[in-house]
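J.: Residue numbers (our numbering): 383 to 493.
For every residue, glycine included, the Cβ atom is placed at its ideal position computed from N, Cα and C.
(1) Distance check for residue 492 and residue 385, CA to CA, integer angstroms please.
(2) What does a CB cutoff of less than 8 Å around residue 409 pick up in its chain, not counting 5 residues either side in sequence?
(3) May I have the straight-line CA-CA distance separating residue 414 from residue 393, to the nearest angstrom?
(4) Mind the definition here: the stretch 416–424 touches the stretch 388–403 only if three or more C-beta pairs lie below 8 Å; say whether that holds.
(5) In or out: residue 400 buried (at least 16 other Cβ within 10 Å) or exposed?
(6) Out of 472, 484 and 462, which has the shortest C-alpha to C-alpha gap to residue 429?
(7) Pull up the DSSP beta-bridge partners for residue 384, would you.
(8) Under a three-way DSSP split, which group does residue 457 fall into?
(9) Buried or exposed: which applies to residue 427, given that a residue is buried once 16 or more other Cβ atoms fall within 10 Å of its Cβ?
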C-alpha cells in the first residue's frame with residue numbers, strides 16, 4: 383500500500399527497484415512489507431524530445447504531504463539520475479492519496 387510505479391526510457395535494474403522500495407517506505411513512514419514497486423521500460427517524449435525520461439506515480443493511503451512529496455521527489459530524481467542517467471528535469475512525479483476504502487488487498491479493503 384504505498385505503490386511506486388516507474389516508467390522510463392531505460393531498463394530499471396533490480397537493485398534500483400529495491401532502493402526505490404526502501405526510499406518510499408522510509409520517507410512515507412510505512413513498513414516496506416506493504417510497498418509495491420512496478421517498473422517498466424516505455425517509449426516516451428517529454429518537452430518535444432525523445433531523450434531519456436521517466437514518469438513516476440506514487441500512491442499511498444496516508445503518509446503523503448507537501449513535505450514528504452518534496453523529499454520523495456529529491457530522492458527519486460537522485461536515484462534515477464545516479465543509476466540511469468536520467469536528469470531531474472526529465473522526470474515527472476505524480477502523487478496520489480488514496481482513501482483506504484478504495485484499496486484492496488488480501489481479499490479485503492484497507493478501510
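T.: Per the coordinate set shown:
(1) 14 Å
(2) 450, 453, 454 and 457
(3) 23 Å
(4) yes
(5) exposed
(6) Out of 472, 484 and 462, the CA that lies nearest to the CA of residue 429 is found in 472.
(7) 442
(8) Looking at residue 457 - three-state DSSP - the assignment turns out to be helix.
(9) exposed
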